[in-house]
Amino acid sequence: MKAILMRQPGGPEVLAETELPVPEPQSPNDVLVRLHAAGINPVDTKIRAKGPMLPETLTAVLGCDGAGTVEALGDAVTRFKPGDAVWYCHGGLGGPHGNYAEYAVVDESVAQPKPKSLTFVEAAAAPLVLITAWEALHDRARIEPEQTVLIHGGAGGVGHVAIQLARLAGARVATTVSGPEKAEFVHGLGAEYAIDYQQEDLAGAIADWTGGRGVDVCFDTVGPEVFARSIDVMAVYGDLVTILDPGTVGLKEARNRNLRISLELMLTPQLKHMPEALTHQGEILRRCGELCDAGELRIAVADTYPLAAAGDAHRRLEAGGMQGKLVLSLPAADG
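Structure, rendered in structure tokens:
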């Protein structure tokens with residue numbers, strides 16, 4: 001099979017198309033998937049640059065997100081049959097190879113039936129960001145109806161689904177964007193207030209929006225500087241969640257406000273070998289699939305690249321300013 005192999009850390013040029021053996025189910029619960037598309041996420045570019053997160057090998061096939069059709073089954077698989085369309089987030093961290101390839105093997109508990117309303121490309125774009133946003137809002141922040149929620153980077157991969165999930169939970173949503181085009185995009189997703197961080201003062205905008213109270217929940221998808229600034233726009237007893245390392249941040253004001261601060265890394269169940277947590281993430285994906293098929297949740301794909309152009313896709317992602325997701329589309333991708 002064709003696959004994109006990283007033999008050493010470095011720039012996008014280290015991603016090389018090569019021929020690898022088609023993997024086979026190794027355990028009774030394994031499913032062999034013929035991939036139609038593979039999602040591209042910032043974690044892929046970080047692993048490419050710094051090396052695998054699971055240091056079992058220096059070589060790696062990247063890509064956590066995949067969508068395709070079932071080709072073969074382990075003896076104990078009961079949830080799928082050959083020809084079923086599936087989507088999932090698994091692999092790509094080192095050790096088990098990821099989804100920048102024509103085939104991949106995953107445990108049946110991780111895979112879920114692909115939503116009928118999504119193409120394979122859309123489905124491959126979604127699992128990591130959906131699970132991340134769901135865990136951040138529901139598992140970490142414990143979002144409730146009528147709360148005010150600030151989502152940083154609302155036009156990005158995680159941000160654009162987080163807006164929708166927060167709205168579906170009954171919350172009022174504000175989000176930060178750059179420029180009027182992205183503001184229009186996030187309003188279409190259900191954001192009540194779009195703050196152009198290049199033109200507007202965040203603290204003043206949130207004070208106006210909340211009547212000086214601050215937001216109940218803030219979800220940071222950007223990084224340390226934004227995380228630090230977010231403390232001053234939080235309501236007392238609020239929840240501040242970040243998906244990135246917050247760095248060295250003074251927390252005196254966070255303590256004064258009695259904030260609950262949470263870190264979200266949806267890759268933890270893979271990194272720590274936690275099968276029950278992986279099953280929970282599979283359930284999250286199943287519920288999100290139902291929302292997609294009900295027309296209540298949509299996935300924005302900015303662009304697609306052929307498998308051989310994975311390096312170009314990484315360059316595009318690292319350039320920043322993305323609206324939605326990038327996806328590697330394999331020849332079988334037909335919706």
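Taking full-length UniProt numbering, I'd label the letters of the sequence shown as residues 1 to 335. We put the CB at the ideal spot given by N, CA and C, even for glycine. Please read these numbers as outputs of a predicted model, since none were measured by experiment.
Exercise. Would you call the CB atoms of Ser27 and Leu278 closer than 8 Å?
Worked result: no
For this session: Reducing DSSP to helix, strand and coil, say where Thr119 ends up.
Result: coil
Exercise. Quick one, are the C-beta atoms of Tyr103 and Pro23 less than 8 Å apart?
Worked result: Yes. Within cutoff.
Problem set entry | Validate contact between the segment 53-72 and the segment 293-303 using beta carbons, cut 8 Å, 3 pairs | no
For this session: Rounded to whole angstroms, what's the CA-CA distance from Thr176 to Gly74? Just pull it up for me.
Result: Going by the C-alpha atoms only, they are around 46 Å apart.
Exercise. For the candidate residues Gly91, Cys288, Asp201, whose alpha-carbon lies nearest to that of Thr268?
Worked result: Gly91
Exercise. Which stretch, first to last residue, makes up the alpha helix (DSSP H) that contains Leu317?
Worked result: 310-318
For this session: Give the range of the alpha helix (DSSP H) segment to which Leu202 is assigned.
Result: 202-210
For this session: Would you identify the three-state DSSP class for Thr242, choosing helix, strand or coil?
Result: Reduced to three states, the DSSP call for Thr242 is strand.
Problem set entry | Host alpha helix (DSSP H) of Asp216 (start-end) | Where Asp216 is concerned, there is no enclosing alpha helix (DSSP H), although the beta strand (DSSP E) it sits in stretches over 215-220.
For this session: Could you tell me whether the Cβ of Met234 comes closer than 8 Å to any Cβ of chain D?
Result: Of the protein chains in this structure there is only one, and it is not chain D.
Exercise. Where DSSP assigns a beta bridge to Gln112, which residues make up the other side?
Worked result: Trp87
Exercise. Which ranges does the beta strand (DSSP E) cover as unbroken runs of at least 3 residues, wholly within the segment 161-197, from first to last along the chain?
Worked result: The beta strand (DSSP E) runs of length 3 or more contained entirely in the segment 161-197 are, from start to end of the chain, 172-177, 193-196.
For this session: Using DSSP bridges, identify the partner residues of Ser262.
Result: According to DSSP, Ser262 shares a beta bridge with Val241.
For this session: To the nearest angstrom, report how far apart Gly321 and Thr78 are at their CA atoms.
Result: 42 Å
For this session: Keeping to the same chain, check which residues put their C-beta closer than 8 Å to that of Pro52; ignore five residues upstream and five downstream.
Result: Leu58, Ala60, Leu93, Gly94, Gly95
For this session: Check each candidate in Ile231, Pro275, Ala101, Ser262 and name the one with the smallest Cα separation from residue 339.
Result: Outside the shown range of the chain, which is 1 to 335, sits residue 339, and nothing can be said about it.
Exercise. Would you call the segment 214-226 and the segment 237-249 touching, i.e. three or more CB-CB distances under 8 Å?
Worked result: yes
For this session: Going by DSSP, name the residue or residues bridged to Met6.
Result: In DSSP, Met6 forms a bridge with Leu15, Ala60.
Problem set entry | With 16 other Cβ atoms within 10 Å as the buried cut-off, status of His273 | exposed
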